[in-house]
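Undergrad: Following the working numbering, the numbering of the sequence shown begins with 1 at its first residue and continues without gaps.
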Amino acid sequence: MRATTYPPPAADASTGRARPDDEPIVSALYREYHRPLLAFAIRLTAGDRQWAEDVVQETMIRAWRSAERLDAGAASLMPWLATVARRVVIDDRRRRDARPREAGDGPLAGVAVPDGLEGLLHQVVVSEALKALSPAHREILNETILRDRSVNEAAELLGIPVGTVKSRVYYAVRALRIALEERGVTA
Numbered sequence: 001m002r003a004t005t006y007p008p009p010a011a012d013a014s015t016g017r018a019r020p021d022d023e024p025i026v027s028a029l030y031r032e033y034h035r036p037l038l039a040f041a042i043r044l045t046a047g048d049r050q051w052a053e054d055v056v057q058e059t060m061i062r063a064w065r066s067a068e069r070l071d072a073g074a075a076s077l078m079p080w081l082a083t084v085a086r087r088v089v090i091d092d093r094r095r096r097d098a099r100p101r102e103a104g105d106g107p108l109a110g111v112a113v114p115d116g117l118e119g120l121l122h123q124v125v126v127s128e129a130l131k132a133l134s135p136a137h138r139e140i141l142n143e144t145i146l147r148d149r150s151v152n153e154a155a156e157l158l159g160i161p162v163g164t165v166k167s168r169v170y171y172a173v174r175a176l177r178i179a180l181e182e183r184g185v186t187a
């Protein structure tokens with residue numbers, strides 16, 4: 001990494017310090033320190049790149065707000081920026097720890113259900129979903145899936161062509177999948 005001094009020549013000549021409204025200086029600061037600061041923030045956030053990018057952005061905003069206090073004679077602002085980034089991460093962690101944990105998206109998510117009760121709940125949900133289907137769809141699923149009959153056997157038993165059985169099975173399974181999704185069951 002090349003070592004350049006901050007601020008670049010665009011700084012206020014009378015004080016040697018950056019002005020908060022000096023966009024070229026802030027842009028130069030970003031270009032110079034973005035990559036090393038992002039690498040540092042990724043280590044601070046245990047590899048969470050999204051969080052690290054947020055930390056870098058907040059650090060740059062704080063640098064911009066404090067531009068008048070930055071030392072023009074410093075060879076590098078990286079130590080100051082690293083300290084700010086570390087404080088941003090600490091603040092974020094404190095903020096997260098202070099909030100109560102949010103409940104899951106689904107109703108009663110994370111609540112342990114006894115093994116026998118879970119199976120019974122699945123049966124009830126599937127039964128309700130089957131009741132929502134048309135009688136023809138219920139009948140075809142009953143014969144092919146629940147009674148484990150082949151397409152030919154179901155066609156002979158119901159007195160309909162094999163192609164009709166295949167078509168009804170396809171559309172019945174599709175309708176059942178939708179009915180189950182409406183009840184919160186996903187594959």
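We put the beta carbon where it would ideally sit given N, CA and C, even for glycine. Since this is a predicted model, take the numbers as computed values, not measurements.
#1: According to DSSP, is residue 48 helix, strand or coil?
#2: Distance check for residue 175 and residue 83, CA to CA, integer angstroms please.
#3: Compare the Cα-Cα distances from residue 37 to each of 24, 54 and 25 and report the closest residue.
#4: Residues in the same chain with beta-carbon distance under 8 Å from residue 86, minus the five sequence neighbours each way, listed in chain order, please.
#5: Could you give the distance in angstroms between the alpha-carbon of residue 67 and the alpha-carbon of residue 89?
#6: Does the segment 120 to 128 come into contact with the segment 138 to 155, if we say contact requires no fewer than three beta-carbon pairs (one atom in each stretch) closer than 8 Å?
#7: Residue 81 by DSSP, collapsed to three states: which one?
#8: Verify whether the separation of the beta carbon atoms of residue 140 and residue 169 is less than 8 Å.
#9: With a threshold of 8 Å on Cβ separation, who are the neighbours of residue 42 within its own chain once the five nearest residues in sequence on each side are excluded?
TA: On the basis of the data shown:
#1: coil
#2: 58 Å
#3: 54
#4: 44
#5: 21 Å
#6: no
#7: helix
#8: yes
#9: 48, 49 and 52
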